[in-house]
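My numbering applies: residue 13 is where the sequence shown begins, and numbers increase by one.
Idealized CB from N, CA, C, for every residue including glycine.
Quick caveat, the model's predicted, so the values are computed rather than measured.
A short worksheet on the structure shown next.
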Amino acid sequence: CATELPITLKFLHTGSVLLVSTESQKSADNFCLFWIAYNFTLNVTGLFLITYATIERYLLIFHKTIFSKKINLFLFHYLSILFSIIYPLLFYIGVVLIYPCENEFSYTSFVCGQPCYQFNVVPTLVECFLNLFTPVCITTIINLLIILRVLIQKRRMKQASTWNKNKKMDYLNYVTYLAALVCPFVCIMALSEVRKKLIIIYRTTYCYRMIPQQRVRPLLTGVTGTAITANGGGNERGGDTTGMMLKPMTSTVVATISGGGNFVPETKKR
Numbered sequence: 013c014a015t016e017l018p019i020t021l022k023f024l025h026t027g028s029v030l031l032v033s034t035e036s037q038k039s040a041d042n043f044c045l046f047w048i049a050y051n052f053t054l055n056v057t058g059l060f061l062i063t064y065a066t067i068e069r070y071l072l073i074f075h076k077t078i079f080s081k082k083i084n085l086f087l088f089h090y091l092s093i094l095f096s097i098i099y100p101l102l103f104y105i106g107v108v109l110i111y112p113c114e115n116e117f118s119y120t121s122f123v124c125g126q127p128c129y130q131f132n133v134v135p136t137l138v139e140c141f142l143n144l145f146t147p148v149c150i151t152t153i154i155n156l157l158i159i160l161r162v163l164i165q166k167r168r169m170k171q172a173s174t175w176n177k178n179k180k181m182d183y184l185n186y187v188t189y190l191a192a193l194v195c196p197f198v199c200i201m202a203l204s205e206v207r208k209k210l211i212i213i214y215r216t217t218y219c220y221r222m223i224p225q226q227r228v229r230p231l232l233t234g235v236t237g238t239a240i241t242a243n244g245g246g247n248e249r250g251g252d253t254t255g256m257m258l259k260p261m262t263s264t265v266v267a268t269i270s271g272g273g274n275f276v277p278e279t280k281k282r
């Protein structure tokens with residue numbers, strides 16, 4: 013598939029499939045036909061080769077002796093590779109270049125929009141089920157079958173300790189894939205303009221964000237008491253409440269006003 017990347021990069025750079033501005037429509041249509049057939053052939057060939065490799069891996073793991081005979085080696089190895097390469101090429105030459113339909117290409121769309129055979133039911137169904145759906149399903153089923161048989165064999169051989177020792181080696185095998193994930197972020201941070209913009213966004217969003225001040229007011233909780241009259245008599249209702257005294261259950265927060273209008277909380281314990 014990498015051999016098609018120069019065409020894709022050229023299209024992404026210019027936004028058009030035309031090689032030159034004065035190119036005729038006929039030559040542009042021929043280029044679109046070539047691009048569609050080449051792109052689709054490479055994609056389906058990759059799917060078929062992955063499916064073939066999955067099947068051969070299963071046979072090499074669980075049926076090693078099957079390749080000892082030359083006829084089996086030719087059928088399951090050489091013939092499978094040839095089929096995975098030749099069949100997609102012949103199929104897309106037939107449906108893109110030979111199939112009787114009229115193409116209407118868009119020179120500003122990827123792979124010139126859509127080939128005309130995809131508007132017909134029969135070739136579209138054959139492409140979807142035979143070229144796309146079937147290899148993906150076979151690859152998934154074979155991989156799941158390999159995992160299932162390995163787990164069954166592990167339990168049958170009772171080698172749990174050996175598998176646990178080799179588990180870290182299996183994890184390290186996939187660490188190399190992290191480089192491809194981290195590489196785009198490293199490239200972005202290496203650009204001075206992008207780095208400056210990220211610093212500005214970080215400062216304006218997190219560092220210098222205005223935090224509203226919260227006012228703290230004294231609260232009186234758990235207060236009980238009775239009204240005391242000037243004569244010393246206690247009236248709970250309707251009496252003179254001059255000189256009322258409050259008796260706290262646990263503690264009372266008393267706020268005194270200092271000179272600057274600030275509240276200074278004090279705690280009196282019972």
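- Judged by DSSP secondary structure, R215 falls outside any alpha helix (DSSP H); it is assigned neither H nor E.
- Contact between the stretch 64–73 and the stretch 123–130 is absent: fewer than three C-beta pairs spanning the two stretches fall below 8 Å.
- Its chain contains Y119, T120 as the residues whose beta carbon lies nearer than 8 Å to that of S28, once the 5 sequence neighbours on both sides are disregarded; these appear in chain order.
- With distances taken between CA atoms, E114 lies nearest to N42 out of E16, N42, I211.
- Contact between I158 and I73 is confirmed by a C-beta separation of about 7 Å, below the 8 Å threshold.
- Contact holds between the stretch 44–64 and the stretch 99–116, because three or more Cβ pairs, one in each stretch, are under 8 Å apart.
- A direct Cα-Cα distance of roughly 19 Å separates Q37 from P112.
- Under the three-state reduction of DSSP output, K22 falls in the helix class.
- In this chain, the alpha helix (DSSP H) harbouring C199 covers 190–202.
- In its chain, beyond the 5 residues on either side, Y129, P135 have a beta carbon closer than 7 Å to the beta carbon of V107.
- For K180, the secondary structure class from DSSP, reduced to helix, strand or coil, is helix.
- Distance from the CA of N51 to the CA of L137, rounded to the nearest whole angstrom, comes to 19 Å.
- For V206 and C195, the gap between their C-alpha atoms comes out near 15 Å.
- CA-to-CA, the gap between L21 and K82 works out to about 44 Å.
- Leaving aside the five residues that flank Y104 on each side, the residues in its chain whose CB is nearer than 6 Å to its CB run, in chain order, A49, F52, T53.
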